Amino acid sequence: MRLKSIFTNSFGILFSRITGLGRDVLMASALGASVWSDMFFVAFKLPNLFRRIFAEGAFTQAFMPSFVASRQKGVFATAIFLRFLLFLGAFSLLVTLFPEPITKALAWGWEWEQIGLTAPLTAINFWYLDLIFIVSFLATLLQYKEHFATTAMSTALLNIAMIAALLLYMKEDPSIVAYALSIAVVAGGILQVAAHLIAIKQLNLQRILIGGWKYRNQKNVEEEKKHFNKLFLPSIWGNSTPQISAFVDTILATFLISGSVSYLFYANRVFQLPLAVIAIATATALFPAISKAIKNHQETKAYENLDKAFWLLAFLLTFSTLGGILLAEPIIWLLFERGKFTEVQTAETVSVLQMYMIGLLPFGLAKLFSLFLYATHRHLKAAKISLYSLITSVSGSLILMHPMGASGLALAGSIGGWVLFILTVREVGPDRFYAILWSKKLFYLLLATALLALLLLYLNGWLTGLIR
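Heads up: the sequence shown is residues 167 to 634, going by this note's numbering.
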């Protein structure tokens, strides 16, 4: 198992997530869980959805196998890059000219007056989508050379730009804060692109793109492009269930009480920290190695990596789940309860966080096992599994949103996560899963979980007594 790559990736993501939490703390203080915070989160939702989809490996897992197999890597990479950039540029221009329909699609439950206020924010934020595609494309080239640090840490640049905007404008009217944050999103994207271009230059990878542009009309890569086309949409869909589920939840939350969109956002930010630092970092670091091992018919080596990574994730994600559920109130109080973020809003966010954390373990392990589906070009199978998971999640959301509010939306997402994990394991092979699971490590995991639960119950009582 590539421990160095995993730890490098984890450290970079951890640094980015810490700056992200710092940003969220300032945002909660400046906007609370209010109408303007809801409007900014809706405007940021679609580009942020694609940021998560691209940054967390969906594009890479479609592009990497095709890139590895291509005999004309530069021409193939350039062709894919130009196609996507032209499409996204045209789409962003369309949203800039007609932002109201897109905003309404993101917030069905809002009146047109609120849509009108949110639409300019949507138009600004949407240009981040083009920038994050460029980042993701360059990141895939870097990952091919097993360079992970730049990509892992680059989100910190986005967070730093938004923190700077908050520090400059947090005492202004909330509407001004929302506009400042939107402009900072685009500025952060430009910084991310610049960081990746520097890394590309340092590794001399620009020759791939220069050569690809030079010979784009002389080399035929139609077969590679057709192969990529078959993989792309299933890969994006199959890899993005948590993000698409959260996106749908945001739309449904606009039908609930004011602040519901914000409760989901703040709780999901905490939930995403262990998911990204532990599960996504591990999967991102392992995928190039597993893809190459499968291509070279070294399946034993690939499954050895799976075994080691499984137990690393099982211990860390289980402990994180316990901490997130049992210490939810102290965590939310420490991070967000200040300024315009009240005790009532803390209680609502705590409930949402606890429901999200139920899905941490299955989402993380599904991310790991799905690597084998993508490495063996079973993208369509992964997409079908994700579709079943998403149907479960959305159906659960529609059933639970009225009796449980925003917490019901989070719980439905977690149920969908368990469906995703079970079906992914069944497709990879239950025998392989049971061979990994039936180990003395399982006893150690159960024992450690029981002891940690007792410790955290005591710690929660003590901390709650201090803060309340």
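We treat Cβ as the ideally placed atom computed from N, Cα and C, and that holds for glycine.
Predicted model only: the values in this text are computed from it and were never measured.
Beta carbon of residue i nearer than 9 Å to that of residue j
i                 : j                 : result
valine 427        : alanine 433       : no
phenylalanine 177 : alanine 322       : no
isoleucine 524    : threonine 487     : yes
leucine 546       : lysine 396        : yes
arginine 237      : alanine 442       : no
isoleucine 497    : valine 436        : yes
leucine 307       : leucine 371       : yes
glutamine 227     : valine 301        : no
isoleucine 290    : leucine 192       : no
serine 411        : leucine 556       : yes
glycine 574       : serine 563        : yes
alanine 331       : alanine 350       : yes
phenylalanine 207 : phenylalanine 303 : no
phenylalanine 242 : glycine 378       : yes
alanine 199       : glutamine 511     : yes
isoleucine 581    : serine 559        : yes
threonine 316     : isoleucine 364    : yes
leucine 439       : alanine 194       : no
isoleucine 633    : glutamate 514     : no
glycine 489       : asparagine 325    : no
glycine 579       : aspartate 339     : no
leucine 534       : threonine 448     : yes
serine 457        : valine 234        : yes
tyrosine 554      : valine 585        : yes
glutamate 279     : alanine 455       : no
Contacting residues, own chain, Cβ-Cβ under 7 Å from residue i (five flanking each side not counted)
i                 : result
phenylalanine 413 : Lys211, Leu215
leucine 611       : Ala480, Phe481, Thr484
leucine 527       : Leu483, Thr484, Thr487
leucine 613       : none
leucine 295       : Pro213, Phe216, Leu254, Ser258
valine 201        : Ser424
Alpha helix (DSSP H) segment containing residue i, residue limits
i                 : result
threonine 420     : It is not in any alpha helix (DSSP H) - threonine 420 carries neither H nor E in the DSSP assignment.
serine 536        : 526-541
arginine 373      : 372-380
asparagine 462    : It is not in any alpha helix (DSSP H) - asparagine 462 carries neither H nor E in the DSSP assignment.
phenylalanine 587 : 572-594
tryptophan 628    : 606-633
isoleucine 446    : Segment: none, isoleucine 446 is in no alpha helix (DSSP H) and carries neither H nor E.
histidine 313     : From DSSP, histidine 313 is part of no alpha helix (DSSP H); its letter is neither H nor E.
tryptophan 278    : 278-291
leucine 369       : Note, leucine 369: premise wrong, no alpha helix (DSSP H); not H, not E.
serine 636        : Residue 636 cannot be examined here, being either before or after the span of the chain that is shown, 167 to 634.
glutamate 514     : 509-523
leucine 501       : 494-502
Burial state of residue i, where buried means 16 or more other Cβ atoms lie within 10 Å
i              : result
tryptophan 274 : exposed
leucine 479    : buried
isoleucine 444 : buried
tyrosine 600   : exposed
aspartate 597  : exposed
isoleucine 342 : exposed
valine 387     : buried
histidine 362  : buried
glycine 595    : exposed
threonine 630  : exposed
alanine 285    : buried
proline 569    : exposed
tryptophan 276 : buried
glycine 627    : exposed
leucine 531    : buried
glutamine 368  : exposed
glutamate 390  : buried
Cβ shell of residue i (< 6 Å), same chain only, five flanking positions each side left out
i                 : result
isoleucine 376    : none
serine 536        : Ala548, Thr590
proline 408       : Phe529
methionine 567    : Leu418, Gly574, Leu575
phenylalanine 476 : Ile602
glutamate 503     : Thr512
glycine 505       : Ser195
phenylalanine 538 : Val594
phenylalanine 229 : Thr306
Other residues of its chain near residue i: CB distance less than 8 Å, five sequence neighbours each side excluded
i              : result
isoleucine 281 : Glu266, Thr269, Lys270, Ala273
leucine 334    : Ala346
isoleucine 356 : Leu297
valine 261     : Ile268, Thr288, Ala289, Phe292
methionine 205 : Gln280, Leu283, Thr284, Leu287, Ala344
Check: residue i C-beta below 8 Å from any heavy atom of the ligand COA
i           : result
leucine 347 : In terms of ligand content, the structure shown is empty, and the ligand COA therefore cannot be addressed.
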